[in-house]
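What follows is a set of notes on a single structure, which appears directly below.
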Amino acid sequence: MTLAPAPPMGPATLSDNTQAVLLLTSPLLAGGDSGAAGAKVLSAGEYSQLAKSLLQTKHQPADLLNGSKEALLSAAPPELDQARLNQLLSRGFQLSQAIEHWANRSITVIGRADEAYPRRYKQRLKHQAPPLLYACGNPELLHQPALAVVGSRATTEALLQQTEQIGALAAAAGIAIVSGAARGVDEAAMVGALQAGGYAIGVVADSLEKMCAKPIWRQALLDGRLLLLSSDAPSARFQVWRAHGRNKLIYALADAALVMSSAKGSGGTWEGAVEQLTKLQCCPLYVVDDPRGGEGLAALHDQGAALWPYPSTAERLREVIASQPSPTNASHETCEPAPAMSALEVVQESLLEPRPSGAEQSSAKEPRAETTEVEMNPVAASDGGEPPAPEVELEPLSVGLSMTPAEQLLSLANKLLLEALTEERTEDELEALLGCTKPQIKAWCKNLVSEGLIRKLNKPVRYCKR
Amino acid sequence: MAVSVFRHARALELLRLGSGNPSADFRDGQLEAIQAVCSQGSRVLVVQKTGWGKSFVYFISTLLYRDAGMGPALLISPLLSLMRNQVAAAQRMGLRAVTVNSENQHHWQAVEEQVAAGEIDLLLISPERLHSERFILGPMAGLNPSLVVIDEAHCISDWGHDFRPDYRRLGRLVKTIPNVSLLATTATASQRVMDDLATELGPSLFQLRGDLNRASLTLQTLKLNSQTARLAWLASTIPTMEGSGIVYTLTKRDARVVAGWLKECGVKAEAYFGGKDAAERERLEEALIQDDLDVLVATTALGMGYDKPNLAYVFHYQMPGSVVAYYQQVGRAGRALQAARGVLLSGREDERINQFFINNAFPTRSDVQEVLIALDAAPEEGLHINRLMETINLSEQRIQQTLKLLSLEVPAPVGSTKGMWQRLPADLAPAFWQRVERLAQRREEELSEMQTFLKLPYGSHMPFVVRALDGDPSTVTAPTLAPLSEAVDQALAIQAAEYLKRLDIPIGPRQEWPLWGIPSFAPDRNKYIGTKRQAQWGRALCYWSDAGWGDLVEQGKYRDGVFDQSLVDACVALVGRWNPSPRPEWVCCIPSSRHPELVPDFAARLADALDLPFYAALAKARQNEQQKAMQNSTQQVRNLDGAFAVAQELPSGPCLLVDDMVDSRWTFAVAAWQLRAAGSGPVFPLALAQTGQGR
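Residue numbers (numbering that gives the first Met the number 0), protein chains in the order written: chain A, 0 to 465; chain B, 0 to 694.
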């Protein structure tokens, strides 16, 4: 026996399910997306398909690591080539090499079912929530209140200084900065927070392995004040599309987001922010009122981003983070601040997840907390092929209760209205669209206005999504 | 349950093909082991003596997996290649095996292509190579074996008798290898090591352990303090032995000295050690197998896996550091003989050498501190080892060793990418030092166990070894041979003493400056030393503190302040045997500010005796540090940069350049460069003693 305590981030800590998901979806240590002898790793969609088929026979990915592999594979969806799955699963030795290599480099792997996996991703990104996260640093930071600060690489020195000050203010307020760890605004915000003794999360688009070894992050990583995170395998190199995909991972971790600079009409910052305003709406989005930040800022403001109120104290910053902004400076409605699950998502989870309550919680052979999420999460499982459902933020229903028919109808109506209201529409138009009475339309819309999800415009009365 | 690819008839067919014997049958345990390995995802540990046929277990299993359409096997072994008889067996079975090691780099690309094309059944790789970027990130990473074999698996355990840093990584790897069968093999594992392995490899481990007794071996120990006595004993005993054997030494230089002596006594002997190139070592191994040699004088570099079934004896010139190491070495004798001998000689230097090995096995806390501090201040892209040598006064080997051990930790405080070392975001865990201390203490215990072994009476050696390895001593039978005579032939001993006084150790010239090493001599960063500026091949009279002249040199330097006249005479004799060409026409020496008279006095007397003029052509130009305090090439050369001034006018003929000690050879290189630049002819270095470990 050895005297040495188990290493804090040893390979042994990975669950069987996470190992199986790695085998299926991660390029492991190889570059690119090829797994073994030309077998491509599964895309998120393909993986969801497989997970769904496993779920149907009450299996989980971990079962692909034992004797039932053959039987399970023959029952896999026909779109997934069995030989390819077999090749991916045959990468056991590569997997062990990868886990060891990453652990050696202080990088852990977090699966969707793991405790450390950010709940906000599952709530806000749903089927787009990455099946695996690679992380270096303190994963507890994922549960802190956080302000996302983003901007372009090329930004004026004055604006970078301002960014650093915002980082420092966040540090004083006990709010973590979430950013992309790229040069420019990202780095300024994070360094500002870290130098002031605060916390930061960097969702990196470049190789995580390289980023972790950078001297500017070392001390904060050692102190447990920084987390570097990526949904791509750590040796993956920077790619533009990857940087774009990563934007939503930044917003989805934050209580509020601030754009310091942006080009207009193109670029990662612009596209990420527009995606937030028009589609994902993970959290309130602010822009600084500063022409030095580029034309994109005003344009984002036009699209609904609020102006940054320039809080001067930690207390004020905390208020900003806790409140819902209005797109115009005049309006001061307060809205639901916390990230919320969509009603639909709650329904689906509640239908399929084992109840964690009372006697019904059948004591399976082994308590396997991880079995539920990754594998059985119907949100992930429903991904394949279907168009993604619009992301709706509503009051969370109490988890564990299935909805009444009335609630289900309301939830469906909300979904359809929000889809329709990406453009301004009159009550008459909505009446025609849904084929129901005008008072019913009014009632539903009133409810959505009070939720802060749509706006009411006058003369004539129109509604529009925020 | 787990699927098995085992097929009995086919396994037997393969065995008969491989052994070339159509009626061969499985040896005790082989079939069970193959059966266990053939169950997918299995974990198997086989502890069997070398020669039992472990390779048949993984060869046949590999082929059964192949028959079932599954991936190849990966064999991780510190051995550089399969032994010749294994290669032959593999070929007869139609098994495509290839090796990747540091000595066949030119083949790697071809191997990578074969791996990609699925044309390989068995890839043999060293643990070091397994850890390399090229293997982890390159095409070979796509091998995706269905069977992984770990040879010398005892190294995974801290309680294993030899320490190989890369096995630390293997020990972690084996914990997570889903969908892959794992076979761990070793020739020797104590109960503690077995327990450790069982922990690492998991609860469903299938274990197979053979017995340890080597019934054919007669063991004997003999304490002979002086080198001359041992040399004499070897010279009188070896010619009486039937068949050929191995003499093990602790150091390379002893291997050279002993082999040289035996040759002089008419024995067909050669030295074998790690510094020799692979082709030469292979030639020597083969020569011994063919009995073209009487004896191979070897360090532990002639180790694991070497199999000559009719090896008649294994003698030890010095005492190994542990019972297991001894058992493994002596166990090479008599594998297929009725009777064979193992005689352990032990001298007074054993303790010192073994302590040196223990003390240098691990870096000290301050070594680690220095390396970490240097890397803390490194630029973002990291530092090359050459740059580290500029700032850290530790030997290159020590810096490498420190970096390596640190980089194998999980999480690691340092790591390298493409040869550039970086600090990583992890602190060194205190457990690292606990482990270092535990391993060092373990080695001390092993050494003291070995000292007990040394004092055992005839007949009790094998039971002691078997007990020390947690085997069953009741299986041990009495030795079959009578002990060899302990008598030392005095005439031979005198002859050996004379031999030790004319070792004439060659001193090769330095041909390259260290990178970034010497600002004033290598402008334009041209690191090659032109042949017109190099020293010639030189000689050293003896090894420092060794028998022969060593004691007298030490006495002259540290007690008398003057070198004895007999050393002058010895050097004259040396120059006569050496006969450097073109013949030196004048003598000069390396100046010293600490002992301003010692070497010039000696050199002048030597010049006189050689009937050559002595010129004090070199003088100290500045006070520098003692050269012996400089631990690596960069530091050594820097310390000499500008240290010497050359006289205005020099004789233009060849020159004999005298110093008392030679170690790194940089002093000779720098002085020769300056002398040649100032117009001297070829410069022949001559030192009284070679210091350093010379291993």
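Glycine included, every Cβ here is placed at the ideal spot set by N, Cα and C. Computed from a prediction, not measured in an experiment: that's the story for all the values here.
| Check | Outcome |
| --- | --- |
| Cβ of M193 (chain B) less than 9 Å from any chain A Cβ? | no |
| Going by other Cβ atoms of all chains shown within 10 Å of its Cβ, with 16 needed for buried, is T162 (chain A) buried or exposed? | buried |
| Using a 10 Å radius around the Cβ and a threshold of 16 neighbouring Cβ atoms, would you call G117 (chain B) buried or exposed? | exposed |
| Given 8 Å as the limit, is there contact between the stretch 664-672 of chain B and the stretch 527-534 of chain B, that is, 3 or more CB pairs closer than that? | yes |
| Quick check on the burial criterion: 16 or more other C-beta atoms within 10 angstroms. Buried or exposed for P505 (chain B)? | exposed |
| Beta-carbon within less than 8 Å of R465 (chain A)'s beta-carbon, same chain only, minus the 5 sequence neighbours each way: which residues are those? | Q280, G303, P326, G451, L452, I453 and R454 |
| So, is R111 (chain A) buried or exposed, given that buried needs 16 or more other C-beta atoms within 10 angstroms? | buried |
| Looking at T24 (chain A) and L94 (chain A), is the spacing between their C-beta atoms short of 9 Å? | no |
| Opposite R461 (chain A) in the DSSP bridges: which residues? | A:T425 and A:L456 |
| Output the boundary residues of the alpha helix (DSSP H) element that contains S180 (chain B). | Where S180 (chain B) is concerned, there is no enclosing alpha helix (DSSP H), although the beta strand (DSSP E) it sits in stretches over S180 to T185. |
| Select from the stretch 191-217 of chain A all residues with a C-beta closer than 9 Å to any C-beta belonging to chain B, and list them in chain order. | E208, K209, C211, A212, K213, P214, I215, W216 and R217 |
| Taking DSSP's pairing of strands, which residues face A618 (chain B) in a bridge? | B:A644 |
| Starting from the Cα of N631 (chain B), find the closest Cα among B:T390, B:R442 and B:L611 and give me that residue. | B:T390 |
| Counting only the same chain and skipping the five closest in sequence on each side, list residues whose C-beta sits under 6 Å from that of E335 (chain A). | For E335 (chain A), the predicted structure reports a pLDDT of 37, less than 50, and the residue's modelled location is therefore unreliable. A value from the coordinates is still provided. So the list is empty, once near-sequence residues are dropped. |
| Under a CB-based cut-off of 9 Å, is R83 (chain A) close to chain B? | no |
| Short of 8 Å Cβ to Cβ, which residues in the stretch 151-184 of chain B face chain A? | D157, R168, R171, L172, V173, K174, T175, I176, P177, N178 and V179 |
| Could you confirm whether any beta carbon from chain A is found closer than 9 Å to the beta carbon of G418 (chain B)? | no |
| Looking at M189 (chain A): is its Cβ nearer than 9 Å to the Cβ of S178 (chain A)? | yes |
| Helix, strand or coil: how does DSSP classify T363 (chain B) here? | coil |
| So is Q275 (chain A) buried or exposed if we call it buried at 16+ other beta carbons inside 10 Å? | buried |
| Distance check for L73 (chain B) and L344 (chain B), CA to CA, integer angstroms please. | 40 Å |
| For L456 (chain A), count neighbouring Cβ atoms within 10 angstroms of its own Cβ and tell me buried if that reaches 16, exposed if not. | exposed |
| Pull up the DSSP beta-bridge partners for D658 (chain B), would you. | B:A686 |
| Can you tell me which of B:N623, B:A616 and B:L63 puts its alpha carbon nearest to the alpha carbon of E12 (chain B)? | B:L63 |
| Using the Cα positions of R255 (chain B) and A481 (chain B), report the straight-line distance between them to the nearest angstrom. | 30 Å |
| Does the CB of E69 (chain A) have a neighbour CB from chain B at under 9 Å? | yes |
| I'd like to know if S311 (chain A) contacts chain B, where contact means its C-beta is closer than 9 Å to some C-beta of that chain. | no |
| Sorted by chain position, which residues of the same chain lie with C-beta nearer than 6 Å to N376 (chain A)'s C-beta, five sequence neighbours on each side aside? | Residue confidence for N376 (chain A) is low, a pLDDT of 41 falling below 50, so the modelled location carries little weight; the figure read from the coordinates is stated next. Excluding residues within five positions, none has a Cβ falling inside 6 Å. |
| So with Cβ pairs under 9 Å, would you call A181 (chain A) a contact of chain B? | no |
| Return helix, strand or coil for C211 (chain A), following the three-state DSSP convention. | helix |
| Which same chain residues, not among the five before or five after G293 (chain A), have their C-beta less than 6 Å away from its C-beta? | S260, S261 and A262 |
| Could you work out which residues of chain B lie near Q18 (chain A), taking near to mean beta carbons separated by less than 8 Å? | T175 and P177 |
| Do A602 (chain B) and the ligand ADP come close, with the Cβ less than 8 Å from some heavy atom? | Looking at this structure, you won't find the ligand ADP or any other ligand, since it has none at all. |
| Going by DSSP, what residues sit across from F205 (chain B) in a beta bridge? | B:V43 |
| Indicate the three-state DSSP secondary structure (helix, strand or coil) for N328 (chain A) in the structure shown. | Its pLDDT being 42, under 50, N328 (chain A) is placed unreliably by the model, and the measurement read from it follows with that caveat. Here N328 (chain A) sits in coil by DSSP. |
| Please state whether the Cβ-Cβ distance between I357 (chain B) and T250 (chain B) is less than 9 Å. | no |
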